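Reminder that position 47 of the sequence shown reads as 1064 in our numbering, one-by-one numbering, no gaps. Comments concern the structure below.
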Amino acid sequence: INIPLAICISMTIVTIAYVLTNVAYFTVMNPQELLASEAVAVTFAERLLGKFFIAVPVFVALSCFGSMNGGIFAVTRMYYVASREGHLPEILSMINVRKHTPLPAVIVSVRKQLASVSRSDIYSLLNFLSFARWLFIGLSVSGLIYLRYKRPDMPRPFKVPLFIPTFFSFTCLFIVALSLYADPTNAGIGFAITLTGIPAYYLFVVWDSKPKCFQKLMGK
């Protein structure tokens, strides 16, 4: 599998599609209409497709479903690996004997997502998550730059020019700063929620002399 070629082709196609989509929006609507619309794609479809506009929400829902499917695959495997490493209860490392999927991790992840979407204010939820998401993405990519200098001899099957992660790190920093400026309250709440991972890390990972009742809870 040629991973660099696949990345270049897929990113080019997605970038062109996004740019053309925004060009189409601005062709049909003016900036005031875009700002006033609660669902730009639906407003665009009503203007352009008439009574067939219902097709656009259906396609958007299918796109969200595909994104959700990928998210479930990724997040549940994180729980699975963390449990396998002893950072989470052992039950999360178990898999279904027929489907070979981490079923306990899937159940925990789905319940957490259902609790998240139960909020009536979806925009606050997005601000909570986007701040922490871009903060840690930026830190992860910055770690890549750090390792490039500190451990230059480290095996790297896939390597990109250094200006790419540098530019991306500054982009993440800009998004985080913009979130703090636009909605400091929700961004601060999201950051506070993220900080709860510090005591959890020391409780589940660093603390070696755990009492037997705690070890039993963890499945050890």
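Think of the CB as a built atom: it goes at the ideal place given N, C-alpha and C, for glycine as much as any other residue. If you're wondering where the values come from, they're calculated on a predicted model, not measured in any experiment.
Helix, strand or coil, according to DSSP, for residue i in the structure here?
i     : result
F1175 : coil
A1072 : helix
T1118 : coil
G1103 : coil
S1126 : helix
K1227 : coil
P1021 : helix
S1135 : coil
For the alpha helix (DSSP H) containing residue i, name the first residue and the last one.
i     : result
L1212 : P1201 to L1212
E1063 : V1057 to L1066
I1112 : Looking at the DSSP string, I1112 is not in any alpha helix (DSSP H), and its letter there is neither H nor E.
P1048 : P1048 to A1053
L1220 : Unbroken run through L1220: none, as it is neither H nor E.
R1150 : I1139 to K1167
Excluding the five sequence neighbours on either side, which residues of its own chain have a C-beta within less than 8 Å of the C-beta of residue i, listed in chain order?
i     : result
R1161 : Strictly speaking, residue 1161 in this sequence is Leu, with Arg absent from that position. Taken in chain order, the residues that qualify are P1182.
S1054 : M1046 and T1060
I1020 : F1175
V1177 : none
K1229 : none
A1072 : A1062 and L1066
Just confirm the distance between the C-beta atoms of residue i and residue j, as a whole number of angstroms; I'd bet it's less than 8 Å.
i     : j     : result
P1119 : Y1140 : So it is not a contact: roughly 32 Å between Cβ atoms.
S1196 : F1148 : 5 Å
V1123 : I1089 : 7 Å
V1092 : S1126 : 5 Å
N1144 : A1204 : 6 Å
L1146 : G1214 : That belief does not hold up - the Cβ atoms of L1146 and G1214 are roughly 14 Å apart, past 8 Å.
W1151 : I1192 : 5 Å
Y1042 : L1051 : 6 Å
H1104 : F1221 : 5 Å
Suppose the cutoff is 6 Å on Cβ atoms and the five residues either side in sequence are ignored; what does the same chain contact list for residue i look like?
i     : result
V1158 : P1182, F1185 and S1186
I1210 : none
L1131 : none
What I want to know is whether the C-beta of residue i ends up closer than 6 Å to one or more non-hydrogen atoms of the ligand SAH.
i     : result
V1114 : As presented, the structure is devoid of all ligands, the ligand SAH included, so that no description of it is given.
Among residues of its own chain, excluding the 5 on either side of residue i, which ones have a beta-carbon nearer than 7 Å to its beta-carbon?
i     : result
S1110 : Y1097, S1100 and R1101
I1154 : C1189
L1164 : M1171
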